[in-house]
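The listed protein sequences correspond, in order, to chains A and G. Heads up: the first sequence begins at 1 in the numbering used here, then just goes up one per residue. Heads up: the second sequence begins at 1001 in the numbering used here, then just goes up one per residue. The C-beta atom is built at its ideal place from N, Cα and C for all residues, glycine as well.
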Amino acid sequence: MYRSYSELKSNLSTNKTSVLQVVAHYVSQIEKNKHLNAFLEVFEDDALNRAREIDKKISQNKAGKLAGMVIGIKDNLCYKGHKVSASSKILEGFKSLYTATAVQRLLDEDAIIIGRLNCDEFAMGSSNENSAYGKVLNPINNKLVPGGSSGGSAAAVKAGLCMAALGSDTGGSIRQPASFCDIVGLKPSYGRISRYGLIAYASSFDQIGPLTNTIEDAALLLQVMAGKDEMDSTSSSKPTDDYLSFEKKKNKIAIFSSFINHSGIDHEVKNGINSILSKLEAQGHEVEAVDFPYLDYLVPTYYVLTTAEASSNLARYDGIHYGYRSENTVDMETAYKKSRTEGFGEEVKRRIMLGTFVLSSGYYDAYYSKAQKVRRLLKNTMDELFEKFDHIVIPTSPHTPFQIGQQVDDPIKMYLEDIFTVLANLSGNPAISLPVGKHSNGLPFGLQVISKNFCEREMLSFSKEIVDNFSHN
Amino acid sequence: MLSQEIYDKYEPVIGLEIHAQLLTNSKMYSADANEYGSSPNTNVSPISLGHPGTLPVLNKKAVEYAVKMGIACECTITPYNEFARKNYFYADMPKGYQITQDTTPVCTGGFITIKNEEGKEKKVRLTRIHMEEDSGKSIHDQDPFNTLIDLNRAGVPLIEIVSEPDIQSAQQAYNYLQEVRKLVRYLGICDGNMEEGSLRCDANISIRLKGAKEFGQRVEVKNMNSINNVKKAIEHEFRRHVEILEKGERVAQDTRSFDAGKGTTFSMRAKEGAHDYRYFPEPDLQPLTITSEYIEEVRLNMPPLPNFLFKKYIREFGLSEYDSGVLTEEKGIALYFEELIEHTSNFKSAANWVMVNIKSYLNENAVHIEDFSVKPNVLAELIQLIDEGKISHSVAAQKVFPLLIQHPEKKAITIAEENNWIQVSDSGELEKFVEEAIAKFPDKVEIYKSGQVGLLGLFMGEVMKLSKGKADPKLASQLLKEKLS
Chain A
1 MYRSYSELKS
11 NLSTNKTSVL
21 QVVAHYVSQI
31 EKNKHLNAFL
41 EVFEDDALNR
51 AREIDKKISQ
61 NKAGKLAGMV
71 IGIKDNLCYK
81 GHKVSASSKI
91 LEGFKSLYTA
101 TAVQRLLDED
111 AIIIGRLNCD
121 EFAMGSSNEN
131 SAYGKVLNPI
141 NNKLVPGGSS
151 GGSAAAVKAG
161 LCMAALGSDT
171 GGSIRQPASF
181 CDIVGLKPSY
191 GRISRYGLIA
201 YASSFDQIGP
211 LTNTIEDAAL
221 LLQVMAGKDE
231 MDSTSSSKPT
241 DDYLSFEKKK
251 NKIAIFSSFI
261 NHSGIDHEVK
271 NGINSILSKL
281 EAQGHEVEAV
291 DFPYLDYLVP
301 TYYVLTTAEA
311 SSNLARYDGI
321 HYGYRSENTV
331 DMETAYKKSR
341 TEGFGEEVKR
351 RIMLGTFVLS
361 SGYYDAYYSK
371 AQKVRRLLKN
381 TMDELFEKFD
391 HIVIPTSPHT
401 PFQIGQQVDD
411 PIKMYLEDIF
421 TVLANLSGNP
431 AISLPVGKHS
441 NGLPFGLQVI
451 SKNFCEREML
461 SFSKEIVDNF
471 SHN
Chain G
1001 MLSQEIYDKY
1011 EPVIGLEIHA
1021 QLLTNSKMYS
1031 ADANEYGSSP
1041 NTNVSPISLG
1051 HPGTLPVLNK
1061 KAVEYAVKMG
1071 IACECTITPY
1081 NEFARKNYFY
1091 ADMPKGYQIT
1101 QDTTPVCTGG
1111 FITIKNEEGK
1121 EKKVRLTRIH
1131 MEEDSGKSIH
1141 DQDPFNTLID
1151 LNRAGVPLIE
1161 IVSEPDIQSA
1171 QQAYNYLQEV
1181 RKLVRYLGIC
1191 DGNMEEGSLR
1201 CDANISIRLK
1211 GAKEFGQRVE
1221 VKNMNSINNV
1231 KKAIEHEFRR
1241 HVEILEKGER
1251 VAQDTRSFDA
1261 GKGTTFSMRA
1271 KEGAHDYRYF
1281 PEPDLQPLTI
1291 TSEYIEEVRL
1301 NMPPLPNFLF
1311 KKYIREFGLS
1321 EYDSGVLTEE
1331 KGIALYFEEL
1341 IEHTSNFKSA
1351 ANWVMVNIKS
1361 YLNENAVHIE
1371 DFSVKPNVLA
1381 ELIQLIDEGK
1391 ISHSVAAQKV
1401 FPLLIQHPEK
1411 KAITIAEENN
1421 WIQVSDSGEL
1431 EKFVEEAIAK
1441 FPDKVEIYKS
1451 GQVGLLGLFM
1461 GEVMKLSKGK
1471 ADPKLASQLL
1481 KEKLS
């Protein structure tokens, strides 16, 4: 129906359609595509009521910037009075008492929150197979995973179940599913969008971001959500930019030979990215291969630090205060043990154990401290690189989406899915996955742009140029 | 029980950890009210309930209060502060971790000066002062089947003041706690109420033979909710340790609780299963930078501190150590005195008025100095009336002062005049009374002149009677002596 908000907006302003009709359309699409398992819950009544209000506002010329934009939110974002579970049994039935800042900013501009989207439990996973509420299917081919952890978000946008979706990205959880589902996935700089109301996985990595069909919609949503929030001390007070003013310029692009020549990369993915880079060079951009010697350290560093933070962040789900409590408890100790044993899934428990281990006395220096030092080194390296270059271009994922069930028994292999995406979370830089690659197997793959901290405007401008030139959609 | 001689072979080594709840309006990391005595679970929000997705935001006032304490104790203030998570499960700690400071406490070093048993000054060194949040309360004795949880206290700002093991007796521990309480009250950062738990103390105690260098096995004692109980608990622990060692046994590593009813301690948990708190930097809070400009700004807004005033009163006003101690014991009293001496230079008299007249009025009527009606400038005028001989001290204390308390809007002179209490110090008028008195007892004049000078009192009495008590006694007796000689 509508690929982008600008199409809808012109139809709304000329009264060719109403927000109510649009919402009804998406509700029926969700109903028809239930097999994808993208939505955990549709806020139908709520959305229809808001649609009526917003139609009235439109008629009075009082509507906000996102009037009638129908957005799904990942099930780790809080929305007052609505259930939120992080796709975990441990939060079964839990309703949030407040609304996440990012979601509130969308509501304030008259967006419609259509429902909550399936994801890997507590955003831990790369295939959306770790949800307590079942796996999500890739709408392009239902035998394939949609990627993760924001798999429901990517699948819903691709399948046209909502116009855009919010996801969260701790190690690639927006970009990798965007790559697998052939859409745009934006992870802003760390601190650009408030995390208040985002259920934490790894606090110093997590960022909220949009998954959309177009660069323009990603920019529009960033525009609305970005900026300082007093409720999140780690949100940046740097002024935001006009992300919608795209500016064409000749860029200096770094490519990492170690990434492109990695043994695990699919040849067509490698060739596809290289061919786009050659064309960009031909169009006047400077492309330079750069030695980046830390590739093998990225995934280990990422997993040491994120699991450490997760082990602490997930301590609050204790079976005492809210959420799931085991029925077999006899005292406080068993309430903790049984509730957490029964309430958390395997992958979440694996990461809690790993994180608890790396923080334990006697192991702290060998793991946590060392990983912190590597992270510092990576940040410095990236800062130095961006003194010379405007952007880094690498693949989002080494390959196209894989089969459901193919990797569930091999956590290490699954962790290596994140090899090209964790860098931007370790360093905090903004990164985006662009739907420009097409494999001979018929499946998509994304091109990833990583840019200088808080230079989302430049990143989006360059991304628009790439998508305009190389999109196969 | 062993003989005193045996106990005397040993000495205790004591370090105290004091938690002081800060008197901020809101909690350490949220806007929830920080209020004692509210209905259970009313001073809460998604943040202090530890709900998913919530984040802490640092209370700047709490930082200011911690820095104040650091300045008062001459600590080094840490310029780069990180917060840390201390991870452990407890039902009244909803996040599953406490946000505290680990490797970068806001204050390090410094000391608190106390009096030792000989009344000499002794510096108890501080290891550190750090900021953290309080936990909620678990209530075990109100419901027969359940533990009830009140999260009003969860997230209340605390500073933890950790001393070096410099304290050498239960009495010194008592004096140290009193000093700390006095200090936090002067600074206005904590109400110091141990019964309500706004000031809490844990003691680390070990013993060793006097003169030994090594420390003995340390135990920690908790749950002493008054300064007296801290003293009692330490005294008990000291004896217990001596008795164990004298039996040839070893003191077990232990965390113990004080039983106020019995005056003894009991084991809460053996330390073998000690927690691994897995401290790591709190990723939800930005590191806090404290600049030297900020520290100076805080320093400029500090109230005068008890030790400073104590020394000033002795050195500059010539007051005794005892008087200076009484005047500085309580902040309100000291502040009253400070204001009073801005209006009078009769320091000794001012001190007596505060220590005797005001304090006994306050005690008898259970009034707090802050609510005392007579303003220092009014009292200073009363002191001046005495100094000028316009009224006698006894009239001032017994008659004018009580009326002033009832009519604080009036001036002392007005009250004295209205009641006709101004002394007659006009020598002409006094001379008439003197002559009249002498004329009344001609026989006694002879006896006086023969050497019975004790009869002066009789004449004075008569002068007072004639003047209706208003004669300036000094002047009257001087005149009488002249006339009778």
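Rounded to the nearest angstrom, the gap between the Cα atoms of threonine 306 (chain A) and phenylalanine 205 (chain A) is 7 Å. Interface with chain A (8 Å Cβ-Cβ cutoff): glutamine 1286 (chain G) is included. Burial state of aspartate 1323 (chain G) is buried, judged by a 10 Å Cβ sphere holding 16 or more other Cβ atoms. Within the segment 231 to 300 of chain A, the runs of beta strand (DSSP E) that reach at least 3 residues and sit entirely inside it are, in chain order, 252 to 256 and 286 to 290. When Cβ-Cβ separations below 8 Å define contact, phenylalanine 1145 (chain G) makes no contact with chain A. Within chain G, the residues whose beta carbon sits less than 8 Å from that of histidine 321 (chain A) are Leu1049, Gly1050 and Pro1094, listed in sequence order. No Cβ of chain A is located within less than 8 Å of the beta carbon of proline 1040 (chain G).
When DSSP assignments are scanned along the segment 1294 to 1351 of chain G, no uninterrupted stretch of beta strand (DSSP E) that is 3 or more residues long falls wholly within it. Beta-bridge partners of aspartate 169 (chain A) (DSSP): A:Gln207.
As a beta-bridge residue in DSSP terms, glutamine 1021 (chain G) pairs with G:Leu1158.
Put simply, the backbone Cα of asparagine 15 (chain A) is about 10 Å away from that of leucine 8 (chain A).
Beta-bridge pairing by DSSP links cysteine 1107 (chain G) to G:Ile1077 and G:Ile1129. Here the C-alpha atom of aspartate 1141 (chain G) lies approximately 50 Å from the C-alpha atom of leucine 48 (chain A). Between tyrosine 368 (chain A) and leucine 359 (chain A), the gap from beta carbon to beta carbon is short of 8 Å. Around serine 311 (chain A), the same chain offers Ile352, Gly355, Thr356 and Leu359 as residues with beta carbons nearer than 7 Å, after the five sequence neighbours per side are excluded.
Nearest CB-CB separation between arginine 1278 (chain G) and chain A: below the 8 Å threshold. Within the DSSP bridge table, the entry for glutamine 403 (chain A) names A:Leu144 as partners. By the Cβ rule, the segment 1079 to 1089 of chain G does not count as touching the segment 1297 to 1311 of chain G, because fewer than three pairs are nearer than 8 Å. In its chain, beyond the 5 residues on either side, Lys143 and Leu144 have a beta carbon closer than 7 Å to the beta carbon of glutamine 403 (chain A).
Closest in alpha carbon position to tyrosine 1279 (chain G), among A:Gly152, A:Asp365 and A:Gln406, is A:Asp365.
Cβ-Cβ separation between leucine 277 (chain A) and valine 287 (chain A): approximately 5 Å, consistent with a contact (criterion under 8 Å).
Residues of chain A with a Cβ closer than 9 Å to the Cβ of glycine 1053 (chain G) are, in chain order, Asn76, Leu77, Cys78, Val84, Ser96, Tyr98, Ala100, Arg195, Tyr196, Gly197, Leu198, Ile199 and Ala200.
If the five residues before and after alanine 111 (chain A) are omitted, its C-beta is found closer than 6 Å to the C-beta atoms of Leu66, Met69 and Ile71, all from its own chain and listed in chain order. By the rule that beta-carbons nearer than 8 Å mark a contact, arginine 1269 (chain G) does not touch chain A. Taking alanine 219 (chain A) as the centre and dropping the five residues before and after it, the same chain places the C-beta of Tyr243, Leu244 and Leu460 closer than 6 Å to its C-beta, in chain order. Closest option to glycine 1096 (chain G), judged by alpha-carbon separation, among G:Thr1265, G:Lys1120 and G:Gly1155: G:Gly1155. The C-alpha of serine 1349 (chain G) lies about 10 Å from the C-alpha of glutamine 1384 (chain G).
Rounded to whole angstroms, the separation of the alpha carbons of glycine 343 (chain A) and threonine 329 (chain A) is 13 Å. Under the DSSP definition of a beta bridge, isoleucine 1205 (chain G) partners with G:Ile1014 and G:Val1219. Against chain G, a Cβ distance below 8 Å from methionine 231 (chain A) picks out Leu1055 and Val1057. Listed by position along chain G, the residues whose Cβ is nearer than 7 Å to that of alanine 366 (chain A) form an empty set, because the closest Cβ is around 14 Å away.
Proline 1402 (chain G) and leucine 1379 (chain G) have their C-alpha atoms roughly 12 Å apart. Between the alpha carbons of glycine 1050 (chain G) and proline 1094 (chain G) lies a distance of about 5 Å. Interface criterion met: the Cβ of threonine 356 (chain A) is under 8 Å from a Cβ in chain G.
In the three-state DSSP reduction, serine 471 (chain A) falls in the coil class, being neither helix nor strand. Among the residues of chain G, those whose CB is under 9 Å from the CB of serine 360 (chain A) are Asp1276 and Arg1278, following chain order.
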